[in-house]
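Inspection log for the structure reproduced underneath, given as structure tokens.
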Amino acid sequence: MNRAPLPGPTSAPEADRPGWLPPEQYAETVLKATAFACVYFTDEDDRPLQLRSVYSPEHPWQLAGGTMDPGERPWQTAVRECREETGLVPAGPPRLLAAVFGQPGAGWPYSTTGLVFDGGRLSGAQLRGIVLDPLEHDEARVLPLDAWEPLMPRTDFVRLRVVAEARRTGVAGYFDSWDWADTVVGGGGG
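Read left to right, the sequence shown gives residues 0 to 189 (numbering that gives the first Met the number 0).
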């Protein structure tokens with residue numbers, strides 16, 4: 000296995016160590032991934048809020064959030080994306096609900112990793128005050144958890160269920176099957 004240089008003194012020059020690569024060369028050998036961060040909101044009855052995408056028929060219903068920009072930390076991304084997509088600004092401190100991971104596939108050449116933060120419960124007035132970015136979403140909808148299942152790919156629904164369970168129990172969830180190869184709408188969770 001190729002490794003980045005180890006910190007600290009060495010008895011041999013770095014280039015003479017077996018398997019050693021300069022950091023820029025080693026970086027080309029490791030996993031490439033995109034990162035996202037999003038916010039999970041519910042109404043006062045714990046029904047999840049999701050936004051309908053205008054650009055992704057494979058993943059039609061989404062949480063408020065998006066891809067991290069260079070130099071951003073996950074919570075900064077979640078707040079920025081949420082503000083841009085809904086006009087809502089989640090209050091901190093950040094509370095992690097779930098970590099999500101997906102393998103690359105035909106729809107995207109990189110792995111995907113993301114964090115889902117708790118945005119809390121929104122009042123009716125807050126829900127009515129949502130202002131969508133029409134280039135990204137054309138509808139905000141609140142439904143009971145099970146009503147989302149037929150509207151989403153199976154893995155998107157399972158991810159939503161993991162996040163809802165994390166909110167309910169107070170124990171962060173981990174979902175590592177949000178792969179790009181699985182985008183069949185409906186079909187239940189599991």
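The beta-carbon is built from N, C-alpha and C at its ideal position, and this holds for glycine as well.
Beta carbon of residue i nearer than 9 Å to that of residue j
| i | j | result |
| --- | --- | --- |
| residue 62 | residue 162 | yes |
| residue 106 | residue 57 | yes |
| residue 145 | residue 84 | no |
| residue 108 | residue 31 | yes |
Chain-order list of residues whose beta-carbon lies under 8 Å from that of residue i (same chain, five-residue window excluded)
| i | result |
| --- | --- |
| residue 121 | 40, 41, 42, 43, 48 and 87 |
| residue 171 | 95, 96, 97, 98 and 165 |
| residue 53 | 133, 134, 135, 136 and 137 |
| residue 183 | Confidence in residue 183 is poor, its pLDDT being 37 and thus under 50, which makes the residue's placement unreliable; the coordinate value appears in the next sentence. Here the set comprises 152 and 153. |
Beta-carbon separation (whole angstroms), residue i vs residue j, contact threshold 8 Å
| i | j | result |
| --- | --- | --- |
| residue 38 | residue 77 | 5 Å |
| residue 73 | residue 114 | 5 Å |
| residue 159 | residue 141 | About 13 Å separates the two Cβ atoms, so there is no contact after all. |
| residue 33 | residue 111 | 5 Å |
| residue 46 | residue 136 | 18 Å between Cβ atoms; not a contact. |
Other residues of its chain near residue i: CB distance less than 6 Å, five sequence neighbours each side excluded
| i | result |
| --- | --- |
| residue 80 | 64 and 65 |
| residue 8 | No answer about residue 8 holds up, because its pLDDT of 48 lies below 50 and its placement is not dependable. |
| residue 82 | 88 |
Scan the stretch 145 to 183 and note each continuous alpha helix (DSSP H) run of 4 residues or more that stays entirely inside, going in chain order. 153 to 168
Would you say the stretch 145 to 152 touches the stretch 94 to 103, given that touching needs at least three Cβ pairs under 8 Å? no
Which runs of the alpha helix (DSSP H), 4 residues or longer, sit entirely within the stretch 18 to 70? 22 to 26
Across the stretch 57 to 74 and the stretch 13 to 32, are there enough close Cβ pairs to call them in contact, namely three or more that are closer than 8 Å? no
At which residue ranges does the stretch 96 to 147 contain complete beta strand (DSSP E) runs of 3 or more residues, listed in the order of the chain? 110 to 121 and 136 to 141
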